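One structure below.
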Amino acid sequence: MEPWYFVFNGVDSRSMGVRVNKYPPIMRAAERVKYVTIPGRAGDLTQKEGKAVYDAYNRGMEISNMRGFDLHAVRAWLRGRGTMIVGNEPEYCYTVDLGAQCQFDKLIRGIWGGTLQMHTQPFKTAAIQPPPVTLTASGATVYNPGDVDAEPLITLNGTGDVTLTVGGETLEITGISSGWQIDSALKWVMDAQGAPQWNAAAGEWGELPAGNSVVAWTGDITSVTITPRWRYL
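Here you go:
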């Protein structure tokens, strides 16, 4: 039978002589809210901290060794922050931190095991990223299959001053040339060489809500390429 597995920072556990004895639970991050009790009123009110604000959480995965196990090499590999794909959810990629202590105990002769503790960020992405979407006409619709708003990377091909509307939010960019990019996650504009253009943009940084969104623009633009970066809970 094929051993259970995980992939951390692009390295497959099977290539390191490590197998999974018990997969971590599949969890949904908790939304960050405050429960407000009003005197004289039954129950309480839910007050959200902000749009799509969720807490990181911890989960454990039980692992042990196979033949060829090198305990020192595994300890060096399983540390720090990185990407994690787990065999019970091979279609998704998590961001985890393995800074917690991991203790290996001897189970039987030559076999060591322990629980790998993973501090997990709330959103996961597709393990295989979909290709970018290129739009050549203003007013086209983009579909977000994720659970929360996506913060896309947008590449503009054109020149001059541009007004870009994404998900109902409008950003004005001045003096662009082809290859400029808008990073909605970092909230900045970069030229074709990746240098930030701090004073080039004003307005709202567009996000793509779950479902359909219209992408529209004005100005001398020939195409808009969207790297969507869908996010899932």
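Reading the sequence shown from the start, the letters are residues 110 to 342 in the working numbering.
A virtual CB, placed ideally from N, CA and C, is assigned to each residue, including glycine.
Small disclaimer: the values here were computed from a predicted structure and weren't measured.
### Close Cβ partners of Thr336 (< 7 angstroms) along its chain, the five nearest in sequence each way excluded
Residue numbering aside, residue 336 sits at position 227 when the sequence shown is read from its first letter. If we look at Thr336 and ignore the five residues flanking it on each side, its Cβ neighbours are Pro241, Pro261, Leu262.
### Query
Taking C-beta to C-beta, are Gly255 and Ala185 nearer than 9 angstroms?
Numbered from 1 along the sequence shown, position 146 holds the residue referred to as residue 255. Numbered from 1 along the sequence shown, position 76 holds the residue referred to as residue 185. Cβ atoms of Gly255 and Ala185: not closer than 9 angstroms.
### Task
Indicate whether Leu317 and Val271 have their beta-carbon atoms separated by less than 9 angstroms.
Taking the sequence shown and counting its residues from 1, one reaches residue 317 at position 208. Taking the sequence shown and counting its residues from 1, one reaches residue 271 at position 162. Taking a C-beta distance under 9 angstroms as the contact criterion, Leu317 and Val271 do not qualify as a contact pair.
### Query
How would you call Ala301, buried or exposed, if buried means at least 16 neighbouring beta carbons within 10 angstroms?
For this step, residue 301 is matched to residue 192 along the sequence shown. Taking every protein chain shown into account, the CB of Ala301 has fewer than 16 other CB atoms within 10 angstroms, so this residue is exposed.
### Task
Could you name the residues that DSSP lists as bridge partners for Asp121?
Residue mapping note: residue 121 aligns to position 12 of the sequence shown, counting from 1. Partner(s): Val116.
### Option in Val257, Gly196, Val142 with minimal Cα separation from Thr155
Within the sequence shown, residue 155 is the residue found at index 46, counting from 1. The residue with the shortest Cα to Cα distance from Thr155 is Val142.
### Query
Excluding the five sequence neighbours on either side, which residues of its own chain have a C-beta within less than 7 angstroms of the C-beta of Asp121, listed in chain order?
In the sequence shown, the residue the question calls residue 121 occupies position 12. Cβ neighbours of Asp121 beyond the five flanking positions: Tyr114.
### Pairwise C-alpha distance: Ile285 and Gly267
As a position in the sequence shown, residue 267 is number 158, starting the count at 1. As a position in the sequence shown, residue 285 is number 176, starting the count at 1. The C-alpha of Ile285 is placed about 7 angstroms away from the C-alpha of Gly267.
### Task
Excluding the 5 residues preceding and the 5 following Met110 in the sequence, name in chain order all residues of the same chain whose CB lies nearer than 7 angstroms to its CB.
By 1-based counting over the sequence shown, the position of residue 110 is 1. Bear in mind that a pLDDT of 43 at Met110, under 50, signals an unreliable position, so the model cannot answer this.
### Message
Checking 9 angstroms against the spacing of the C-beta atoms, do Asn197 and Tyr132 come in under that value?
### Response
Here residue 197 is taken as the residue at index 88 of the sequence shown, counted from 1. Here residue 132 is taken as the residue at index 23 of the sequence shown, counted from 1. Cβ distance < 9 angstroms, so Asn197 and Tyr132 count as in contact.
### Task
Below 7 angstroms CB to CB, which residues in the same chain sit around Val94 once its five sequence neighbours on both sides are set aside?
The chain is shown from 110 up to 342; residue 94 falls before or after that span and cannot be answered.
### Task
Using 10 angstroms around the beta-carbon of Arg190, count the other beta-carbons present and answer buried if the total reaches 16, otherwise exposed.
As a position in the sequence shown, residue 190 is number 81, starting the count at 1. By the neighbour-count criterion, in which a residue is buried when 16 or more other Cβ atoms sit within 10 angstroms of its Cβ, Arg190 is exposed.
### Task
Counting only the same chain and skipping the five closest in sequence on each side, list residues whose C-beta sits under 6 angstroms from that of Gly303.
As a first step, residue 303 must be located in the sequence shown, where it is residue number 194. Sequence-distant partners of Gly303 (beyond 5 residues in either direction) whose C-beta falls short of 6 angstroms from its own C-beta are missing from its chain.
### Task
Pull up the DSSP beta-bridge partners for Lys296, would you.
The residue labelled residue 296 in the question sits at position 187 within the sequence shown. Looking at the DSSP assignment, Lys296 forms no beta bridge with any residue, so it has no partner.
### Query
Between which two residues does the beta strand (DSSP E) containing Leu342 stretch?
Here residue 342 corresponds to residue number 233 of the sequence shown, with the count starting at 1. Looking at the DSSP string, Leu342 is not in any beta strand (DSSP E), and its letter there is neither H nor E.
#### Entry: Ala185 - containing alpha helix (DSSP H), residue span
Position 76 of the sequence shown, counted from the first residue, corresponds to residue 185. For Ala185, the enclosing alpha helix (DSSP H) stretches over residues 180–186.
### Query
How would you write the range of the beta strand (DSSP E) that Gln226 sits in, first residue to last?
Counted from its first residue, the sequence shown places residue 226 at position 117. First-last of the beta strand (DSSP E) with Gln226: 220–229.
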